[in-house]
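First the structure, in the form of structure tokens, and then the observations on it.
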Amino acid sequence: MGWRRGFRAEASRTGDATAGPGGYANTGVHVGDVYLAGGPVRSRYLELVRRIAPPELVEREEELAELAGFCLGTDLDAGTGLDAGSRIGMGRSAGGYRWWRAPAWAGKSALMAWFVLHPPPGVRLVSFFVTARLAGQSDRTAFLDSTLEQLADLLDRPLPAFLTDTNREAHFLGLLADAAEVCADRGERLVLLVDGLDEDRGVSGTDFHSIAATLPATVPGNTRVVVSSRPNPPVPDDVPPHHPLRDPAVVRPLAPSARARAIEVDMRRELDRLLTGPPVDQDLLGLLVASGGGLTATDLAELLADAEWPVWRVEEHLGTVAGRSFTPLPGPRRSFMLGHEELATTAVTRIGPERLDAYRARLHAWADAYRARGWPAGTPGYLLGGYHRMLTAHGDLPRMVAFASDHVRHDRMADTIGGNRTAIAEITATQHAVLSSRPDVTTLALLNVHLHVLAGRDWNIPVELPATWAALGDVERARSLARSISAPADRVDALLGIAGVRPGIDAELVAEAVHEAGELDDPDERGQVTLLIASRLAEWGRFAQAEQLLRPVIGHVDTGTGLEAIVTGAIDASDLDRAESLIGLLPDAGRAQRRLLGPLAMDHHQEPVGRCLARLVRAVLRHGDLKRATALARAIEAPFHRLTAWADLIEAAPWRETDELLREALDFAENIADPVAWEDARAASAMCFAAAGRFDHALEVVRASLPSRRYREKVLGDLVVRATRSGWPDIHFQAVLDAAQYPEHLVGALTRVVWDDRDWARRGLAAAEAAARLVPDVEERESLLLEVIAALAQVDEADRARAVADTLVGSRTRQTAMSYLAVGAARAGGFDDAWRLVLSICDPLDPDVALGQVARQLARSGRFGEAVSFARSMSQPAPDLARVALAAARAGDRDQATALAESAHAHARTASDHVLRYRWLTVLAPLVGDVEQGTAIAESAAQLLPEVAATDAVPGRGVLLARTAESLGLHDLADRVLRAAEHPEEHGRMLTEVASVATPARARALLDQAVASAGLPDSRLSWRVNVLASASAGLAALGDDRAHHLAQVVDHWARDGGLTRALLAETTSRLGEHEWTDRLIADVLAKRKPRDDFLPYTTTTTLVSSLANAGDTGRAEIVARTIADPDELNRALATVAIALVRQRRTHRAQEIAEEITSTAPRAHVLTELAKHDPEHLPALEQSVAETLIDYPWTAVGEGLALLRPDLPAEIHHLLHTLTVPTD
């Protein structure tokens, strides 16, 4: 969702320093949003390269080999500055360049594009093709935007925040160095390839900045730079004298291709004919040149508006004589661009600026006509993509803003293209264009609102939805939608879902998924996503591919559980050889733990290797191979699993071999020295006795020495199954039940059994029910009865299950039982009963699980209409609607599937919009400047809170609203939100937060409640102590004598709690306990840990906030300057500076503000300064404008309201338009 583009921090204390909603709570631990970075970016630049590359490349084998050799370091001469065959490393080099030069029409771009699309193994390419044939692809800004996106993709990072003309190049060089390091770690070469330096349009004018000058003068040793151009024009003047491009040794002349020369002759002749031919030929050429490419025959026919030139005739004309000049672009739309770069350049010159302006005017009128019609279905694809790129290329800022902020157009783009990536890219380009001109914060803020609403929706796309569109035949939409999903694992899952329904492209999609996984920087995440791919391959029966994919990550990440599932899949599929091979990849954690810890090691029966080998033994026995099964059983090291497998061997072996096998098993058990392992073996030996028919011996083991519950349930269950399967008399069955020492053990054993016989299942579960009723504790008894009800529902004993459910007294257990019964009824085909049972569940959270399961059961039965009814009744129906849609698509019900897919997407969008709307309304309420309107906005947020809470999407959900309500004097609303807190931990923290913005009398009452809540036993000690620390600070601020005593209590219980001690420093500082404060500071700094990947604040930052809250700015600044991380340092310095402003020490605050390099923290300081002195307003306006490029507007909400008092109301109106559906 929109708020998920970056990290968020929730405050536990802000004291009396409040930055205002939407601002930066700089003198306290931050409350609200802090957007540090977006989600990882995904570049699709190769799609553009495919437009440039020829269908085949001929007579260039030597050049391709030379390019490969140069990039891999096997063909380097003195001019490159690298020795031949140099190994991949990170040493700096003055060279690493190769400049291919040739005259026009030599085939340079064809060669370079082919190489980019077909790189040699071990080479990672980042490329840019300077071209006038496509809009917005021919200057330094386009180069930096494109390469930054590709580098961020390679690094699996978001684009850098706050990109401006002044820092874009620095970010490019930094990411290039980071990418080189990552590639070096992977044993790869990084290659930056730029084609067409001579086409750079940024070298004209007096204040020019060329692409060539942007290329690094020195590159890491594992990096190569390949450029191409014509011999002229010469190296641009802004390229430094020492730059490798000024070294003649890096130049490599390229001989013209005979094929390219022939194409040149034909195309020049064709261009002459078009320019002097009939008006329709001139118009076709002019429109394609003016558009920047991408118009279809249908588009051109509309633009020609000539009855004599219908679509079919235009299509035919483009495919014949005139077609030699026009190249069809890949993709389902079959759009066209000019066939060669030189052709485009010549055409622009010869058509002339006036005629091109006239053709662009026709394009504008065409676009305006569709806009006036509300962007109907069937809107030309060019108007939903290429048109805005053309506007950007020509700097038409008013139209760029108008079309990038057209939400109706955005909706049509999402419906047509799938996802919001294209719309987000347009908004981003427009933001940069606005910032590069005279920044208009109103325009930037409104564009920002559009961007973050769209970005939020891409976080919530149901994973199954792309597969549905693929099953319906719209593969391009499916791919685009899958690629729009922000979370890497979900994105890969969606791509694999498409592969599952489109076998013809599964290899391509799996390859893309594998590529996505390889791009992830975090090794654990990379391993888990790789495991996801392997699991899906295993589901398709492609175990060899799964194994091949997994081998490189084994040992680097935790693959145990997922890999075990793959092994089980191979066993179930009877691919026993593959299963045995895969077992060899399982981590044998138990072996290492036994070696290190001995008796303290992990439970032996939890070892994945032994567990899987035992399963394999059973499968091999089913195939009748006793010899192989015996060998496998002897290979199992874990005693419990070895003897479990041995019991299966005994049961399957001929009777004459039973005694020998039993003797071997018992000898193995007796010779185990490890006491824990011996207990394992003792438990499993009972199974061996039972398998050999020695029932009395098995019961003797159970009665005399059955160990803890973890074995008792397993052994009892095994004995019951063997008893029923072997046809033992009832007395033996009852004897097993009587051997259970505790009723709960028996319940667990009997409800987890897979019964072969319905009668025995009925008897066994009746025994389980009887055992459960012997448990005296009500809560535990009802929990056990729930297990019985679930088991009865599984074996279709609905009447008995309902009878047991009717005896439950706890409301939550009754509702859970109803969900079990509903699922069981649906599985048995009793969907009416299932519906009635679901309706009986009152808790809003409980029905969703049952509703979803029933909906899926209905969908599997082909009853899609009823499935939809169940799914729509869920609080969050989108995922299950998508699942039903996919089932309908697979069943061939196109109309139903299409409607459901669109409905699922709409519900997902609504859920995202509600979360974002809730958060933004809490920020807007105090900013609108009107008490009545602010109250109405806060009440609107309160109405959304229950739904937002159901999504579990916003940690500390209510704290933002409660603080806002309190700050507006809406005490009743604040109290309602406080009462809705679900847990004492959350409630206590919220009380201290609300107290920080309350009047003294009310703050004291709220803090009293917080102290009381910290005494409740059902919350964690660390949370209780943190609440007390925050409460003590609040009491100290009020001058309450209890603060000192509370501080002593907190200090006693938080000896090792860095965060708690950081919070406590505010209290001690307010109390004037300077030695105590210094000791806390020393403790926090001594024990601080590296920055957590998931939280933007460390204990050090919290400590700075605490000290600043207390007005101790001297200590706060000293602590802040110990922070090494630049982002964290900037935030900490902003905290100090704002505290200084509030102390009227504005000169010192301004000095610190000038040190801050991040725009948002600087904007927060400037906001405080501007409140005191309007002379800071111009600087604030520039800082806010820069912040709005990547941060959401809420990060500078207070600054925006200060600069444009009417803007919050305008944002509120736009938010309503974008997120509240119209009837």
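For the record, in the sequence shown the residue sitting at position 871 is 871 according to UniProt numbering, with numbers rising by one throughout.
Quick reminder that beta carbons are idealized off the backbone N, C-alpha and C, glycines included.
Note that the structure is predicted; figures quoted are calculated from it, not measured.
- At least 9 Å separates the beta-carbon of Arg1024 from that of Leu1035.
- Just measuring C-alpha positions, the residue of Val401, Arg1004 and Arg259 sitting nearest Glu56 is Arg259.
- Secondary structure of Asp975 (DSSP, three-state): helix.
- Note on Val408: under 16 other CB atoms within 10 angstroms of its CB, so exposed under the neighbour-count rule.
- Looking at the backbone, the Cα of Glu787 and that of Ala772 are separated by about 9 Å.
- Contact annotation: Leu151 and Phe172 have beta-carbon atoms nearer than 9 Å.
- Distances from the alpha-carbon of Glu61 to those of Ala110, Trp99 and Ala104 put Ala110 closest.
- For Asp195, the enclosing beta strand (DSSP E) has its first and last residue at Arg189 to Asp195.
- Beta-bridge partners of Tyr97 (DSSP): Val225.
- Check the Cα spacing between Ser210 and each of Leu245, Arg186 and Glu181: the tightest is with Leu245.
- A distance below 7 Å between beta-carbons, with the five flanking residues on each side excluded, links Ala177 to the following residues of its chain, in chain order: Pro220.
- Each of Ser437, Thr416 and Glu1073 was checked against the Cα of Arg479, and the nearest Cα belongs to Thr416.
- Under a 10 Å Cβ-count criterion, Leu774 is classified as exposed, with fewer than 16 other Cβ atoms of the shown protein chains found around its own Cβ.
- Taking C-alpha positions only, Leu626 is separated from Ala652 by approximately 8 Å.
- In terms of Cβ geometry, Arg201 and Gly96 do not form a close pair [threshold 9 Å].
- With a 10 Å radius around the Cβ and a threshold of 16 neighbouring Cβ atoms, Pro1161 comes out buried.
- The distance from the Cβ of Cys688 to that of Ala647 is about 5 Å, consistent with a contact at the 8 Å cut-off.
- Contact annotation: the stretch 900 to 909 does not touch the stretch 487 to 500, with fewer than three C-beta pairs closer than 8 Å.
- With contacts defined as CB atoms closer than 9 Å, Leu275 and Leu288 fail to qualify as a contacting pair.
- Ser436 is classed as exposed because its beta carbon has fewer than 16 other beta carbons within 10 Å across all chains shown.
- Taking Trp1193 as reference, the option from Ala766, Ser996, His450 and Tyr359 with the minimal CA-CA separation is His450.
- For Pro253, the enclosing beta strand (DSSP E) has its first and last residue at Val251 to Pro253.
- A contact is defined here as three or more CB-CB pairs under 8 Å, and the stretch 1060 to 1080 meets this definition with respect to the stretch 1025 to 1032.
- Phe129 is bridged by DSSP to Asp195.
- Excluding its 5 nearest sequence neighbours in each direction, Leu970 has C-beta neighbours in its own chain below 7 Å: Thr935 and Ala938, listed in chain order.
- With contacts defined as CB atoms closer than 9 Å, Val609 and Leu576 fail to qualify as a contacting pair.
- For Pro220, the secondary structure class from DSSP, reduced to helix, strand or coil, is strand.
- The criterion of a C-beta distance shorter than 9 Å is not satisfied by Val463 and Val434.
- Taking 9 Å as the cut-off, the Cβ atoms of Ala470 and Val501 count as close.
- When DSSP states are grouped into helix, strand and coil, Ile554 belongs to the strand group.
- Asp674 and Ile636 have their C-alpha atoms some 16 Å from each other.
- Gly518 counts as exposed, since fewer than 16 other C-beta atoms from the protein chains shown sit within 10 angstroms of its C-beta.
- Put simply, of Trp375, His432, Phe129 and Thr379 the residue whose alpha carbon is nearest the alpha carbon of Leu397 is His432.
- When DSSP states are grouped into helix, strand and coil, Leu1071 belongs to the coil group.
- Around the C-beta of Val809, fewer than 16 other C-beta atoms lie within 10 Å, and the residue is accordingly described as exposed.
- Around the CB of Arg389, 16 or more other CB atoms lie within 10 Å, so the residue is classed as buried.
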